[in-house]
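For reference, each letter of the sequence shown is one residue, going 45 to 467 in the working numbering. Beta carbons: idealized from backbone N, C-alpha and C, even for Gly.
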Amino acid sequence: MMKIMLVGSGGREHALAWKLAQSPILRELIIAPGSDAMANIGRCLPVSAEDVDGLLALAKTEQPDLVVIGPEVALAEGLADRLAEIGIAAFGPSAAAAQLEASKTFTKDFCQQHNIPAARSCNVEAYAEACAYLDTLPSPYVLKADGLAAGKGVVITDDLDEAKQAAKEMLAGQFGAASKRLVIEEFLKGEEASLFVLCDGKTAVPMVGAQDHKRAFDGDKGPNTGGMGCYSPAPILDAAMTTRVMRDIIEPTLHGMIAQGSPFCGVLYAGLMIDNNGPKLIEYNVRFGDPEAQVLMRRLQNDLLPALLACVNGDLDALPALQWDPRPGACVVLATKGYPGTTPKGSTLGGLVKAGQDTDVEIFHAGTKQAPSGEWLANGGRVLNITALGDDLGQAIAKCYQAIEHINWPEGFCRSDIGWRAL
Ligand code: AMP
Ligand code: GLY
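Next up, the structure:
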């Protein structure tokens, strides 16, 4: 029986907590910092998910058997390494391995070195260099801040002058140190999908594919966000395509990381662009996607805890095969109007009980707070994640929207076209 410490406070962590709580080998779940919505699943402790020293001190006191790290910031700052130094196991990569997400220039160099298919690109540190490379590319242009920028560090534009202006602003510190260096790359056409892969350093086990919706508004319009909804499985990531991604992208990555002396342990999230020539890597993340994890946790039939432990203990090859609910799953994100810009807090979320009544529906909370009266209040940009399983994808999505009909929240919005590509 195990004591688990989960790090994070969003919808992804609510879903991970919900799933971990079903584990027959769980003794106690503590969550740092968790949220009001998670308080009935685990003991929430007020340490920020980005406060590496605070999390370390908490782990020292609480002595969990395993720390499960949800978000990327603490990973990039070496939380897993520091826990290892005090003898506490962590699910999540070392800071060196987390560079696959935390440094896009690292990953581009890595892909080139290991022949991993990706967009043609150039790493730049100076405006003149950026302009010179942009002049060689066809439109549209893709510019990315090197470091972590909470999903906001990517600019895509058809206009060369605009691209140069964006390079100038980013290099001048638009995203602080994260944009002191940029990746400039060719625009890839095709269909996007994400594959989640469990890794123990040497063995990789694909979980399942999902498709996210990054843009804020219907028709894939508006600014990029953390994700407005998703579904799984992704029809384009069928068994044959998954095998190909594992062979051409994931396996070379695992071997390359071993060769660099920083084997990857945790969940590797490959953002892919797939066209007739096959899959290309758009980016890596070193953690579960949010809101993809919400749907993955609904569909995973195995106990999650042994799977996470196998990554940590290096015996993934002995893990029983992952089983997925054959029913597709979907998630629709409800966000405060104004997201991904700054948003007001404190508006009332009505109708949640009724919205969650269908047994195929599960509502995870991203940014909410509970008032002393018991009523739920919005407390962030992305606020609620409505998930559902259905006999087919259409039904899963319809069930999400039926649940949302019951939610009374004039200050919120959602996309009304989640899953359009697959339907
Ligand atoms: P990233 O943070 O690298 O995943 O980029 C955010 C989003 O921008 C991706 O999900 C894609 O939709 C888009 N994107 C990034 N790079 C490219 C590219 N080279 N070609 C086309 N779209 C891209
Ligand atoms: N949903 C995209 C992400 O987690 O980065």
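Do you know offhand how far Ala-415's Cα is from Val-339's?
The residue labelled residue 415 in the question sits at position 371 within the sequence shown. The residue labelled residue 339 in the question sits at position 295 within the sequence shown. Each residue's alpha carbon lies about 28 Å from the other.
Got a list of residues with beta-carbon closer than 5 Å to any non-hydrogen atom of the ligand GLY, in chain order?
Asp-256, Gly-271, Gly-333, Asp-334
Could you check where the alpha helix (DSSP H) with Met-116 kicks off and where it finishes?
Within the sequence shown, numbered from 1, the residue matching residue 116 stands at position 72. Met is not the amino acid found at residue 116; the sequence shown has Glu there. Glu-116 -> alpha helix (DSSP H) spans 116-120.
When you measure from the CB of Val-186 to every non-hydrogen atom of the ligand AMP, does any distance come out below 7 Å?
Along the sequence shown, one-based indexing puts residue 186 at 142. Of the heavy atoms belonging to the ligand AMP, at least one sits nearer than 7 Å to the Cβ of Val-186.
Where Gln-157 and Ala-303 are concerned, what is the direct C-alpha to C-alpha distance, given to the nearest angstrom?
Here residue 157 corresponds to residue number 113 of the sequence shown, with the count starting at 1. Here residue 303 corresponds to residue number 259 of the sequence shown, with the count starting at 1. Their Cα atoms are separated by approximately 11 Å.
Could you check the C-alpha separation between Gly-385 and Val-427 for me, to the nearest Å?
Sequence index remark: in the sequence shown, residue 385 carries index 341 (1-based). Sequence index remark: in the sequence shown, residue 427 carries index 383 (1-based). Approximately 14 Å between the Cα atoms of the pair.
Nearest-angstrom Cα separation, counted from Asp-205 out to Gln-66
For the purposes of this step, residue 66 is taken as residue 22 along the sequence shown, with counting starting at 1. For the purposes of this step, residue 205 is taken as residue 161 along the sequence shown, with counting starting at 1. The alpha-carbon separation between Gln-66 and Asp-205 amounts to approximately 54 Å.
In the DSSP output, what is Lys-47 paired with across the bridge?
Here residue 47 refers to the residue found at position 3 when the sequence shown is read from its first residue. Glu-72, per the DSSP bridge assignment.
Use the C-beta contact count for Ser-79: other C-beta atoms within 10 angstroms, 16 or more gives buried, fewer gives exposed.
As a first step, residue 79 must be located in the sequence shown, where it is residue number 35. With 16 or more other Cβ atoms within 10 Å, it is buried.
Within this structure, are the beta carbons of Gly-273 and Arg-371 separated by less than 8 Å?
As a first step, residue 273 is located in the sequence shown; it is residue number 229 there, counting from the start. As a first step, residue 371 is located in the sequence shown; it is residue number 327 there, counting from the start. Not a contact, by the Cβ cut-off of 8 Å.
Output the distance between the C-alpha atoms of Val-356 and Leu-348, rounded to the nearest integer angstrom.
For the purposes of this step, residue 356 is taken as residue 312 along the sequence shown, with counting starting at 1. For the purposes of this step, residue 348 is taken as residue 304 along the sequence shown, with counting starting at 1. Roughly 13 Å between the two C-alpha positions.
Helix, strand or coil for Pro-296 per DSSP?
By 1-based counting over the sequence shown, the position of residue 296 is 252. DSSP places Pro-296 in helix when its eight states are reduced to three.
Buried versus exposed, by CB contacts within 10 Å (16 or more), Asn-423
Here residue 423 is taken as the residue at index 379 of the sequence shown, counted from 1. Burial of Asn-423 is indicated by the presence of at least 16 other C-beta atoms within 10 angstroms of its C-beta.
Below 8 Å, how does it come out for the region 208-215 and the region 174-187: are there three or more Cβ pairs, yes or no?
yes
Note down, one range per segment and in chain order, each alpha helix (DSSP H) of at least 4 residues found wholly within the region 106-173.
116-120, 123-129, 139-146, 148-157
Mind checking whether the beta-carbon of Phe-154 lies closer than 7 Å to any heavy atom of the ligand AMP?
What you label residue 154 is simply residue 110 of the sequence shown in a count that begins at 1. Not under cutoff, so the answer is no.
Contact criterion: CB-CB distance below 8 Å. Does Ala-76 meet it with respect to chain C?
Of the protein chains in this structure there is only one, and it is not chain C.
Quick check on this structure: which residue in Ile-160, Thr-151, Leu-363, Asp-202 has the alpha carbon closest to the alpha carbon of Ala-189?
For the purposes of this step, residue 189 is taken as the residue at position 145 of the sequence shown. Comparing Cα-Cα distances from Ala-189 to each of Ile-160, Thr-151, Leu-363, Asp-202, the minimum goes to Thr-151.
State the beta-bridge partners of His-409 as determined by DSSP.
Taking the sequence shown and counting its residues from 1, one reaches residue 409 at position 365. In the DSSP output, where bridge partners are listed per residue, His-409 has Leu-428.
Once the 5 residues before and after Val-198 are set aside, which same chain residues still bring their CB inside 8 Å of it?
Numbered from its first residue, the sequence shown carries residue 198 at position 154. Counting only Cβ-Cβ distances below 8 Å, and skipping sequence neighbours, we find Val-186, Leu-187, Lys-188, Ala-189, Asn-268.
Endpoints, the beta strand (DSSP E) within which Val-199 is located
Taking the first residue of the sequence shown as 1, we reach residue 199 at position 155. Unbroken beta strand (DSSP E) run through Val-199: 198-201.
Distance, Val-289 Cα to Arg-343 Cα
Taking the sequence shown and counting its residues from 1, one reaches residue 343 at position 299. Taking the sequence shown and counting its residues from 1, one reaches residue 289 at position 245. Straight-line Cα distance between these residues: approximately 21 Å.
Between Ala-254, Asn-321, Phe-154, which has its C-alpha nearest Asp-282's C-alpha?
If you number the sequence shown from 1, residue 282 lands on position 238. For Asp-282, the nearest C-alpha among the options comes from Ala-254.
Suppose the cutoff is 6 Å on Cβ atoms and the five residues either side in sequence are ignored; what does the same chain contact list for Phe-219 look like?
Position 175 of the sequence shown holds residue 219. Around Phe-219: Ala-189, Ala-193, Gly-197.
Once DSSP output is grouped into helix, strand and coil, what is the label at Leu-357?
Residue mapping note: residue 357 aligns to position 313 of the sequence shown, counting from 1. The question names Leu, but residue 357 in the sequence shown is Asn. In the structure shown, Asn-357 sits in a helix (DSSP, three-state: H, G or I).
Within the same chain, show all residues whose beta-carbon is closer than 7 Å to that of Leu-377, passing over the 5 residues directly before and after it, in chain order.
In the sequence shown, counting from the first residue as 1, residue 377 sits at position 333. The question names Leu, but residue 377 in the sequence shown is Val. Gly-271, Met-272, Gly-273, Pro-335, Arg-426, Asn-429, Cys-458.
Buried or exposed for Gly-131, please, with buried defined as at least 16 other CB atoms from any protein chain shown within 10 angstroms of its CB.
Residue mapping note: residue 131 aligns to position 87 of the sequence shown, counting from 1. Looking at its Cβ environment, which holds fewer than 16 other Cβ atoms inside 10 Å, Gly-131 is exposed.
Beta-carbon separation (whole angstroms), Arg-56 vs Gly-136, contact threshold 8 Å
Stepping through the sequence shown from its first residue, residue 56 is reached at position 12. Stepping through the sequence shown from its first residue, residue 136 is reached at position 92. The distance from the Cβ of Arg-56 to that of Gly-136 is about 13 Å, inconsistent with a contact at the 8 Å cut-off.
CB-CB under 7 Å to Lys-265, same chain, minus the five flanking residues each way: which ones, in chain order?
Counted from its first residue, the sequence shown places residue 265 at position 221. Counting only Cβ-Cβ distances below 7 Å, and skipping sequence neighbours, we find Arg-259.
Proximal residues to Arg-87 (C-beta, below 6 Å), its chain only, five neighbours per side dropped
Your numbering for residue 87 matches position 43 in the sequence shown. Closer than 6 Å at the Cβ level, and outside the excluded window around Arg-87, lie Ile-74.
So which of Ala-141, Glu-229, Asp-404, Ala-146 has the shortest CA-CA distance to Asp-179?
For the purposes of this step, residue 179 is taken as residue 135 along the sequence shown, with counting starting at 1. The residue with the shortest Cα to Cα distance from Asp-179 is Glu-229.
Nearer than 7 Å: is that true of the beta carbon of Leu-192 relative to any heavy atom of the ligand AMP?
For the purposes of this step, residue 192 is identified with residue 148 of the sequence shown, where counting begins at 1. Result no, Cβ not under 7 Å from the ligand AMP.
Host alpha helix (DSSP H) of Asp-461 (start-end):
Within the sequence shown, numbered from 1, the residue matching residue 461 stands at position 417. That residue, Asp-461, is in no alpha helix (DSSP H); it is neither H nor E in DSSP.
Looking at the structure shown, is Ala-65 part of a helix, part of a strand, or coil, going by DSSP?
Within the sequence shown, residue 65 is the residue found at index 21, counting from 1. In this structure, Ala-65 counts as coil in the three-state DSSP scheme.
Please report how far the alpha carbon of Pro-307 lies from the alpha carbon of Met-301, in whole angstroms.
Locating residue 307 in the sequence shown gives position 263, where the first residue counts as 1. Locating residue 301 in the sequence shown gives position 257, where the first residue counts as 1. Within the model, the alpha-carbon separation for Pro-307 versus Met-301 is close to 5 Å.
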